[in-house]
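Enquirer: Okay, handing you the structure first.
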Amino acid sequence: KHLGYPAELAQADTIGHFGGELTLLDGDVKVLFVRAHHGSGVSADDQSGARHGGAPGGFVITIRSGPTIYHTGDTDLFSDMALVSRFHKIDVMLVCIGDHFTMGPARAAEAVRLVNPREVIPMHYGTFPMLTGTPETFERELKRSKLNTQLRVMKIGETIALL
73 KHLGYPAELA QADTIGHFGG ELTLLDGDVK VLFVRAHHGS GVSADDQSGA
123 RHGGAPGGFV ITIRSGPTIY HTGDTDLFSD MALVSRFHKI DVMLVCIGDH
173 FTMGPARAAE AVRLVNPREV IPMHYGTFPM LTGTPETFER ELKRSKLNTQ
223 LRVMKIGETI ALL
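Under the numbering used here, the letters of the sequence shown match residues 73 to 235, in that order.
Below, the structure is given as structure tokens:
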């Protein structure tokens, strides 16, 4: 295994970098690596210090005859998010709203304005007390900003079909 990924599948055609797009499953799926603004320190245990875990990033996933999905990754708001929608019409955007470690609801609503997806799914909230952003606050921020993007709030463990 290579970083937990089956070794026979961890080849050059499945490894990417920012600005590069992987074409998978005979072109049915494309994955573009995009920037995020977030820390990336990791440690193996409480005794070892944090080490650089690589550049934080998100993904634009394009499915042939299906949706184009922007997963922001752990991030704060940054103006280059607008570039994502310059090159891709985003159908579904997954955006952090938890605050403290990532953007909160108000900044997430601004990210939605920059990207202009058809639908937005909030993520990275409610898992522990430090994350104070809520879907309700996010919904208020979307309305305050007069954004027409459809909000879809998912429950933990819920699966959905994206069309």
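Note that the Cβ used here is the ideal one computed from N, Cα and C, for glycine as well.
Under the assumption that Val187 contacts Tyr142 (Cβ atoms under 8 Å), give the Cβ distance between them as a whole number of angstroms.
Expert: 6 Å
Enquirer: Tell me the rounded alpha-carbon separation between Leu234 and Gln119.
Expert: 43 Å
Enquirer: Could you check where the beta strand (DSSP E) with Lys102 kicks off and where it finishes?
Expert: Val101 to Arg107
Enquirer: Using the Cα positions of Arg224 and His196, report the straight-line distance between them to the nearest angstrom.
Expert: One Cα belongs to Arg224, the other to His196, and the distance between them is close to 14 Å.
Enquirer: Exposed or buried, Pro189, counting other C-beta atoms within 10 Å across all chains shown (16 or more means buried)?
Expert: buried
Enquirer: Could you compute how far the alpha carbon of Thr140 sits from the alpha carbon of Glu191?
Expert: 11 Å
Enquirer: Does the Cβ of Val114 have 16 or more other Cβ atoms within 10 Å, making it buried, or fewer, making it exposed?
Expert: exposed
Enquirer: Taking only heavy atoms of the ligand PLP into account, decide whether any of them is closer than 7 Å to the Cβ of Met195.
Expert: Absent from the structure shown: the ligand PLP. Ligands present: none.
Enquirer: Note down, one range per segment and in chain order, each beta strand (DSSP E) of at least 3 residues found wholly within the segment 111-182.
Expert: 129-135, 140-143 and 164-168
Enquirer: What is the residue span of the beta strand (DSSP E) that Thr95 lies within?
Expert: Counting along the chain, the beta strand (DSSP E) containing Thr95 begins and ends at Glu93 to Leu96.
Enquirer: Between Gly170, Ser157, Asp163 and Arg123, which has its C-alpha nearest Thr204's C-alpha?
Expert: Gly170
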